[in-house]
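Quick note on numbering: this note's numbering labels position 42 of the sequence shown as 660, and the sequence is numbered without any gaps. Just so you know, even glycine gets a beta-carbon here, dropped at the ideal spot from N, CA and C. To start, the structure under review is shown below, and the notes come after it.
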Amino acid sequence: MLTTAEREPDTLDAWPAEAVARLQDMSLDQVECLLIKRAMARFDGNVSRAAKTLGLSRSALYRRLQRYGI
619 MLTTAEREPD
629 TLDAWPAEAV
639 ARLQDMSLDQ
649 VECLLIKRAM
659 ARFDGNVSRA
669 AKTLGLSRSA
679 LYRRLQRYGI
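Encoded structure:
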């Protein structure tokens with residue numbers, strides 16, 4: 619279970635306006651890459667925990683890590 623500090627806001631309405639504006643200017647691949655990088659940093663490279671948080675299997679996350687060169 620994630621602590622409150624580890625959770626992201628559930629909706630864009632809860633995000634700061636400049637963050638929403640930045641996301642709206644990004645492609646889906648760029649947003650996905652950013653979220654993966656943040657999850658990997660948050661969990662100090664722990665693929666299992668990052669994958670769980672992102673709602674992915676470990677193998678799916680490994681494929682995305684390879685695709686984005688992370």
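State buried or exposed for I688, treating a residue as buried only when at least 16 other CB atoms are found within 10 Å of its CB.
-> Position 70 of the sequence shown, counted from the first residue, corresponds to residue 688. Result: exposed.
State the DSSP-derived secondary structure class of M644, mapped to helix, strand or coil.
-> Along the sequence shown, one-based indexing puts residue 644 at 26. DSSP places M644 in coil when its eight states are reduced to three.
Put L674 into one of helix, strand or coil per three-state DSSP.
-> Residue 674 sits at position 56 when you count from the first residue of the sequence shown. Three-state result, L674: coil.
Could you check the C-alpha separation between D643 and E636 for me, to the nearest Å?
-> Counted from its first residue, the sequence shown places residue 643 at position 25. Counted from its first residue, the sequence shown places residue 636 at position 18. Taking the straight line from one Cα to the other gives about 11 Å.
Would A678 be called buried (16 or more neighbouring beta carbons within 10 Å of its own) or exposed?
-> Your numbering for residue 678 matches position 60 in the sequence shown. Counting Cβ neighbours within 10 Å, A678 comes out exposed, since fewer than 16 surround it.
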